[in-house]
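I have placed the structure first, in the form of structure tokens, so that the comments after it can refer back to it.
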Amino acid sequence: MGHLKTVEQRLLWLSHWMIHHANHIRPKADGIKVGGHQASSASMVSIMTALYFSALRPEDRVAVKPHASPIFHAMQYLMGNQTREKMENFRGYGGVQSYPSRTKDIDDVDFSTGSVGLGVAITSFASLVQDYIAAKSWSGGVPLGRMIALVGDAELDEGNVYEALQEGWKNDLRNCWWIIDYNRQSLDGIVREGLFDRVEKIFDAFSWDVVRVKFGALQQAAFEEPGGEKLRQWIDNCSNQEYSALTFMGGAVWRQRLMNDLGDQGDVTALIDRRSDGELAELMENLGGNCTQTMAEAFAAIDHDRPTCFLAYTIKGWGTPIAGHKDNHGGLMNKTQMAEWQTHMGVATGEEWDPFATVEDTESFKTFLNQVPFFAKGTRRYQDDKISVPAIELATDRDQSTQMAFGKILDDLSKGDSKLAERIVTTSPDVTGTTNLGPWVNRRKLFARTVQGDAFIEHRIPSTAKWEFTPDGQHIELGIAEMNLFLLLGAAGLSHSLFGKRLIPIGTVYDPFVCRGLDAMNYACYQDARFMIVGTPSGTTLAPEGGAHQSIGTPLIGMSQDGLAAFEPAFADELAVIMEWAFDYLQRDGDGDPDERTWLRDETGGSVYLRLTTNPIEQPGKRGDDAFRQGAIDGAYWLRKPGPNCEVVIAYQGAVAPEAIKAAGLLAGNRRDVGVLAVTSADRLNAGWTAAQRARSRGNTAARSHIETLMGRLPAHCKLVTVIDGHPATLSWLGGVVGHQTIPLGVEHFGQTGSIGDLYRHFGMDAASIIEKIDGLTLGRPIN
């Protein structure tokens, strides 16, 4: 325990010095506070010391509370996994990040955190993914680790935490720990009294073990003294606000208050009088979560794989001059406080960055660190081989929707024995059947750790859904909670790095409800998780369902979301080409040099968003030329090439293709050399365009993006009409590529019930409306 205490004090100092240096020593060009959450870090230091240096194994994975990031990086610095240069540049450009980041930090971050609540919940889904992999014949006996979240008590206000609890219960969650830093203070004040009594009942309802860690070793020893039981009762009855205030005011005030409440009782008075003011303050601040010994014992006592919640009582700002103050969440020690605290901590001037300052027996301490199991194998980022992608072919000889084509592609894969099909895992929030995953699930079954029968199959009741739960299953069915969908996709999309086994996760959701899971989707992309999300049906396709089930802004989400390549194909053959490319793209991890043909950084890889529809449309027949295939991937191709004197180009994206094609036909004889541009990805076109402009601004005058190449030969007088079953801003920027007047058409307002044709007319996306706009807003003969 002596070495653990030394680690604790080293982490406390190094983390707080790093924050102090960033705010009070490092020059600031703009004079703005850097911040760093000293108090929130201090409350976690004993917990993290006990966890990382006594309890964890290399196979365990941890999501660190965002505001405990300084403790995490101080720990990695102590272990030689973080540099002084980056520590000195904490919260600066290229330095240690504010919150742990898998993609921006150089040390061993398991899960990025920052958006509170999400790091907590993803650990339960990572445990589910670990069980999924372990159940497969190709797993190779991956050792089961514990998926652990270090949780700020205010994170329990986030609704997604409780959605995850319910989903975990349904999937027989195991090997998951949530360790709650119960310091009872948040950004704006003190946590309500008795809150955790309610929270604890929720954990119990979902079959979690709850371990209260309220009293530290010093307090437990004091309780054994005469009068100790009365002291325990006083602590139990003291309000959160009062305890925090007394902590801030210190030992003399503690003594006065305790003597006022408990004095003149003989044994209690003697217990208090045996301690100096400093010793009394140390005793009263020795809550369970601030005692490394107590936390280590609590962790070591767990001898099962049931999900466990540790409620660790702590003091916010523990061990520092700002401990307990209600403003300490965003507060920092000033220079005078830090100087006094440095003396208290015994750190000599000039040794502030020395990892081993104040350590008396350095060699013994280093020997201890070298033997800590969690760090023994070095960094724990795994890799897995890329999976070859078979050719994806699809018959296009009849009317069909892109959603139907998606289901057929997966069904065809399910019939084969490719490694790709073996590694695909699908999931959906209670819309499996209505997003065309049914055939895949019927063949590949649903995942559960134990076999579960289907009563309909047993009783021979006819049903299209032959749902069998088995460890071999490749579909994970979720309840109606889109946050859980994206958290599961995020966890599965990191499987190659977390567990050394690559999965190809595919999720489906009604496109309007992408927005309900948007925070978790952004979180998954921020971690560089790799997944395919299929938003379907999209736009006004669900016309009879009304405006609440019709998506408008999702194409703009696809364009703006980093780490996500968004596509909206109109035809089945486009989708086949895109999915074949996407299965490879999900696995790429190159250096990111842009492709000078498109100026897209395709070698870095990423996730993929497919915006599909249930609207069946006539297919263009078999196409296999390279221009079509490459254009579908790059984002656009000429469905009808414009002539040299082109007066109008109609550019469309998605299922409005028949309306655009019909309008182009009606223009014959009324406008010259009309072109039709099939856009499959406004996202990739726009990204390539802005990247090429950056390259030109830096001296590469030959840089041209794919959309600039396509639009470059259009005459200046050509007018551009864009149309999409979504927000018109998705395509309206195309006019700025070369400089053409643009007429953007699409959906800007909530829809209503009706047929697809009704809504196309209502929003001005049908062929007649396109012609009307061209007739009224461009020069030329009137169009009949």
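Numbering (this note's numbering), first residue to last: 8 to 791.
Glycine is no exception: its CB is placed at the ideal position from the N, C-alpha and C atoms.
Can you tell me whether residue i is helix, strand or coil according to DSSP?
i, result
"Phe363", "coil"
"Cys298", "coil"
"His482", "strand"
"Leu674", "coil"
"Leu505", "helix"
"Thr13", "helix"
"Tyr767", "helix"
"Leu646", "strand"
"Gln459", "strand"
"Ser614", "strand"
"Gln407", "strand"
"Leu269", "helix"
"Ala398", "coil"
"Leu253", "helix"
"Glu386", "Note that residue 386 is Thr in the sequence shown here, rather than Glu. Residue state, collapsed to three classes: coil."
"Leu180", "coil"
"Thr737", "helix"
"Phe792", "Outside the displayed span of the chain (8 to 791) sits residue 792, for which this structure offers no information."
"Phe118", "coil"
"Phe203", "helix"
"Ile790", "coil"
"Ala171", "helix"
Does the beta carbon of residue i sit closer than 8 Å to a beta carbon anywhere in chain C?
i, result
"Arg451", "Considering every chain present, this structure includes no chain C. It has just one protein chain."
Taking the beta carbon of residue i as the centre, do at least 16 other beta carbons fall within 10 Å, making it buried, or is it exposed?
i, result
"Gly672", "exposed"
"Leu786", "exposed"
"Asp195", "Any reading at Asp195 is ruled out, since the residue's pLDDT is 45, under 50, leaving its predicted position unreliable."
"Ile464", "exposed"
"Phe757", "exposed"
"Pro362", "buried"
"Thr687", "buried"
"Ile487", "exposed"
"Ile186", "buried"
"Gln104", "buried"
"Ile329", "buried"
"Glu249", "exposed"
"Ile468", "exposed"
"His503", "buried"
"Asp67", "buried"
Give me the residue from the options with the minimum Cα distance to residue i.
i, options, result
"Leu420", "Ser408, Pro436, Asp404 and Leu444", "Leu444"
"Ile640", "Ile464, Glu359 and Ala689", "Ala689"
"Ser144", "Gly565, Gln481 and Val655", "Gln481"
"Thr515", "Asn529, Ser545, Leu505 and Ser504", "Ser545"
"Ala664", "Phe578, Val158 and Ile483", "Phe578"
"Gln16", "Glu170, Cys298 and Ser122", "Cys298"
"Leu417", "Thr433, Asp404 and Leu287", "Thr433"
"Ser251", "Arg91, Asn190, Asp112 and Phe382", "Asn190"
"Trp360", "Val206, Leu496, Ala156 and Gln89", "Gln89"
"Asp117", "Asn96, Tyr533 and Pro446", "Tyr533"
"Asn178", "Gln748, Phe476, Thr441 and Gln557", "Phe476"
"Thr4", "Gly175, Arg647 and Gly337", "The question about residue 4 has no answer, for the chain in this structure spans 8 to 791."
"Lys508", "Gln390, Gln45, Leu157 and Ser567", "Gln390"
"Met718", "Pro651, Tyr169, Arg679 and Ala308", "Pro651"
"Glu367", "Gln378, Val354 and Ala128", "Val354"
"Asp404", "Gly746, Ala212, Ile624 and Asp284", "Ile624"
"Ser435", "Ile483, Ala133, Gly296 and Leu784", "Ile483"
"Pro73", "Ser48, Ser502, Gln248 and Asp334", "Ser48"
"Leu287", "Gln226, Met345 and Ser122", "Gln226"
Going by DSSP, what residues sit across from residue i in a beta bridge?
i, result
"Ala156", "Ala70 and Trp185"
"Cys316", "Trp185 and Val217"
"Pro436", "Leu485"
"Thr729", "Ala658 and Pro751"
"Ile511", "Ile431"
"Val541", "Thr515 and Leu617"
"Ile624", "Gln407"
"Ala685", "Tyr644 and Tyr659"
"Thr477", "Phe454"
"Phe222", "Leu294"
Ignoring anything shorter than 4 residues or poking outside the stretch 45–85, list the alpha helix (DSSP H) runs there in chain order.
45–49, 52–57 and 76–85
My parser needs the alpha helix (DSSP H) runs of 4 or more residues fully inside the stretch 123–167; what are they?
125–141
Just list the beta strand (DSSP E) runs in the stretch 570–610, keeping only unbroken ones of 3 residues or longer that don't cross its boundaries, in chain order.
Correct list: 571–574.
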